[in-house]
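A.B. asks: Numbering (mature numbering (1 follows the signal peptide of the UniProt record, and there is no 0)), first residue to last: -24 to -1, 1 to 514.
I'd like to ask you about the structure that follows.
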Amino acid sequence: MKVKSMNTRAMITTLLFLISLAFAEDPYRFFEWHVTYGNISPLGVAQQGILINGKFPGPDIISITNDNLIINVFNHLDEPFLLSWNGIRNWKNSFQDGVYGTMCPIPPGKNYTYALQVKDQIGSFYYFPSLGFHKAAGGFGGIRISSRALIPVPFPTPADDYTLLVGDWYKTNHKDLKAQLDNGGKLPLPDGILINGRSSGATLNIEPGKTYRLRISNVGLQNSLNFRIQNHTMKLVEVEGRYTIQNLFSSLDVHVGQSYSVLITADQPAKDYYVVVSSRFTSKILTTTGVLHYSNSVAPVSGPIPDGPIKLSWSFNQARAIRTNLTASGPRPNPQGSYRYGVINITRTIRLANNLGHIEGKQRYAVNSASFYPADTPLKLVDYFKIDGVYKPGSISDQPTNGAIFPTTSVMQADFRAFVEVIFENSEDIVQSWHLDGYSFYVVGMELGKWSPASRKVYNLNDAILRCTIQVYPRSWTAIYIALDNVGMWNMRSEIWERQYLGQQFYMRVYTTSTSLRDEYLIPKNALLCGRASSSHR
């Protein structure tokens, strides 16, 4: 009896401990970042870059599901600054989204502390500066969110984990690029491609026989890129927070704003191999190389640089092959396929067509003919403080208008908990790339030609990938499903930064009359106020 009593006491103690863990606050991770200008020469020409804690690119954020991230950002630039979090949902908290439509910029010489929670998220993402053309100067870095302990991951733990930030780059100062656009011009082809801030010499060190995870993000300004490693195959395992069917690829198209995780195994003879990144669908192919270095290498890189794919059909086929692994657990210990999106009734169909034209003699871009112009006050603050006359809900149509483009602060009204279908229609000869803050969406279809209701017959309603950034191929359409479960003011934008800057974006106002904290958090106590909200009191 005595032994039994001790076991019972131990069981009760263990149970109480587990209960305390279940109700304990999620862990906090603290960061202090100083944003400065600094001299960099990624293409061999000295230029002004944006550094975070003296680094270009900036430091990685390494976290675990449900962590609270407290990031104190000090702005030492001579102009306002904001950081946004590409793929982080900012659950019920668009006040912290880091774009001008939701929060005021950090003034020069001041600081602001972001408080984010990576609620129910895993995967590979990145952060970047969202104002003006700061993105062309740096200020970006990787974000990793690992699964909590005991949540199964659908592949063995890799020997190491590498962030690879790839993107096109200009030698021109970011302020001069912005001035070109402000004066009505367009940007030329970029000057080169970077891997982790370098145009050559980026090195991945590996040991024979081991497997490594590479988190690849296209942080560039305008070009789709192809990533490949000489003589090695890549096993795709995750896309923007969703585990995938583990297809093998010899190269991978990564469109602007997108993030992928792949596994590579050091199973080749002991030497060095080319890591190659090249532009896709451009008149002139830009290429840069790094090195995959075996620890027991007996020879440097040699032989021809492996060619990338050429045909558009190759990219189409690869995109369709990227599907959700329905048997894998996500952030919680339940299969990812348990949410049956394909049988939910669609409550609204939104069709978005990209347009271009001129306003007052200057080049502009638009969505459904509405070319976005920022208001004098962040729209989320306008809503919160009930400030009249700043924007009009419904200032952008949810269908193509086929009319001339016009200037407006475009906001599309959407109902909380609606389940909507969005079709991106691309009538141009370039690849488009679109991102929606605050959400992931199911990519149910993409095809050449024009979309029609009959196009739904080819939708994938079973295991479509869930992601936050999607490409739309030339003369094609892409369809997505979105469960509007995140109240707030959320930016829908072109990831081609020239187009985003010149109006190809809008805000989706996911609205409810409820004021419950179950639906949306209160404005942060440290929120910066500006514009017409400057004199407002919380």
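A virtual CB, placed ideally from N, CA and C, is assigned to each residue, including glycine.
These figures come from a predicted structure and were not determined experimentally.
#1: Between which residues of its own chain and residue 189 is the CB-CB distance below 8 angstroms, once the five residues before and five after are set aside?
#2: Let me make sure I understand the geometry here. Which of 4, 8 and 62 has the alpha-carbon closest to that of residue 44?
#3: In chain order, what residues of the same chain have a beta carbon less than 8 angstroms from the beta carbon of residue 450, not counting five sequence neighbours either side?
#4: Excluding five sequence neighbours on each side, which residues of the same chain lie with their C-beta closer than 6 angstroms to the C-beta of residue 508?
#5: Compute the beta-carbon to beta-carbon distance between residue 455 and residue 427, rounded to the nearest angstrom, for a pair I have assumed lies under 8 angstroms.
#6: Spatial neighbours of residue 244 within its chain, please: C-beta separation below 6 angstroms, excluding the five flanking residues on both sides.
#7: State the DSSP-derived secondary structure class of residue 477, mapped to helix, strand or coil.
#8: Determine the direct distance from the alpha carbon of residue 409 to that of residue 315, and round the result to whole angstroms.
#9: Please tell me whether, using a cut-off of 7 angstroms, the distance from the CB of residue 71 to the nearest non-hydrogen atom of the ligand ZN is below it.
#10: Who does residue 324 pair with in a DSSP beta bridge?
#11: With burial defined as no fewer than 16 other Cβ atoms inside 10 Å of the residue's Cβ, what is the status of residue 494: buried or exposed?
#12: Which same chain residues, not among the five before or five after residue 370, have their C-beta less than 6 angstroms away from its C-beta?
#13: Taking Cβ to Cβ, would you say residue 21 is nearer than 8 angstroms to residue 413?
#14: Look at the Cβ atom of residue 101, then the Cβ atom of residue 216, and state whether they are nearer than 8 angstroms.
#15: Between the alpha carbons of residue 67 and residue 432, how many angstroms are there, rounded?
#16: Taking the beta carbon of residue 55 as the centre, do at least 16 other beta carbons fall within 10 Å, making it buried, or is it exposed?
#17: Span of the beta strand (DSSP E) holding residue 51?
#18: Just the Cα atoms here: how many angstroms apart are residue 345 and residue 335?
#19: Between which two residues does the beta strand (DSSP E) holding residue 188 run?
#20: I need the DSSP call for residue 138, collapsed to helix, strand or coil.
#21: Cα separation between residue 11 and residue 169?
#22: For my contact list, residue 268 and residue 249 are in at a C-beta cut-off of 8 angstroms; report their separation, rounded to the angstrom.
#23: Using the beta-carbon count (16 or more within 10 Å), is residue 264 buried or exposed?
#24: Please list the terminal residues of the continuous beta strand (DSSP E) segment that includes residue 556.
C.D. replies: In brief:
#1: For the purposes of this step, residue 189 is taken as residue 213 along the sequence shown, with counting starting at 1. The answer, listed in chain order, is 134, 136, 137, 138, 213, 237, 238 and 239.
#2: For this step, residue 44 is matched to residue 68 along the sequence shown. Taking only the C-alpha atoms, the option nearest residue 44 is 4.
#3: Position 474 of the sequence shown, counted from the start, is the residue given in the question as residue 450. Taken in chain order, the residues that qualify are 257, 288, 402, 404, 405, 406 and 407.
#4: Translated into positions along the sequence shown, residue 508 becomes position 532. The answer, listed in chain order, is 353 and 363.
#5: Reading the sequence shown from its first residue, position 479 is the one you call residue 455. Reading the sequence shown from its first residue, position 451 is the one you call residue 427. 7 angstroms between Cβ atoms; contact.
#6: Residue mapping note: residue 244 aligns to position 268 of the sequence shown, counting from 1. Result list for residue 244: 207, in chain order.
#7: As a working note, residue 477 is residue 501 in the sequence shown. Three-state DSSP puts residue 477 in a helix.
#8: Here residue 315 refers to the residue found at position 339 of the sequence shown. Here residue 409 refers to the residue found at position 433 of the sequence shown. Computed Cα separation, rounded: 26 angstroms.
#9: In terms of ligand content, the structure shown is empty, and the ligand ZN therefore cannot be addressed.
#10: Your numbering for residue 324 matches position 348 in the sequence shown. Answer is 396, bridged to residue 324.
#11: For the purposes of this step, residue 494 is identified with residue 518 of the sequence shown, where counting begins at 1. Classification for residue 494: exposed.
#12: Working through the sequence shown from its first residue, we reach residue 370 at position 394. Result list for residue 370: 389, in chain order.
#13: Along the sequence shown, read from residue 1 onward, the residue named residue 21 stands at position 45. Along the sequence shown, read from residue 1 onward, the residue named residue 413 stands at position 437. Taking 8 angstroms as the Cβ cut-off, residue 21 and residue 413 do not qualify as a contacting pair.
#14: Residue numbering aside, residue 101 sits at position 125 when the sequence shown is read from its first letter. Residue numbering aside, residue 216 sits at position 240 when the sequence shown is read from its first letter. For residue 101 and residue 216, yes; Cβs fall inside 8 angstroms.
#15: On the sequence shown, residue 67 is found 91 positions in, with the first residue counted as 1. On the sequence shown, residue 432 is found 456 positions in, with the first residue counted as 1. The straight-line gap from Cα to Cα measures roughly 30 angstroms.
#16: What you label residue 55 is simply residue 79 of the sequence shown in a count that begins at 1. The residue in question, residue 55, is exposed, as its Cβ has fewer than 16 Cβ neighbours within 10 Å.
#17: Counting from 1 along the sequence shown, the entry for residue 51 is found at position 75. 44 to 51 is the span of the beta strand (DSSP E), which, as asked, contains residue 51.
#18: Taking the sequence shown and counting its residues from 1, the one referred to as residue 345 is at position 369. Taking the sequence shown and counting its residues from 1, the one referred to as residue 335 is at position 359. Roughly 11 angstroms between the two C-alpha positions.
#19: Indexing the sequence shown from 1 puts residue 188 at position 212. Residues 187 to 194.
#20: Numbered from its first residue, the sequence shown carries residue 138 at position 162. It is a strand residue.
#21: Position 35 of the sequence shown, counted from the first residue, corresponds to residue 11. Position 193 of the sequence shown, counted from the first residue, corresponds to residue 169. Spanning the two alpha carbons is a distance of roughly 23 angstroms.
#22: What you label residue 268 is simply residue 292 of the sequence shown in a count that begins at 1. What you label residue 249 is simply residue 273 of the sequence shown in a count that begins at 1. Going by Cβ atoms, the distance from residue 268 to residue 249 rounds to 4 angstroms, so yes, they are a contact pair.
#23: What you label residue 264 is simply residue 288 of the sequence shown in a count that begins at 1. With 16 or more Cβ atoms within 10 Å of its Cβ, residue 264 is classed as buried.
#24: Nothing can be reported for residue 556, as the shown portion of the chain is limited to -24 through 514.
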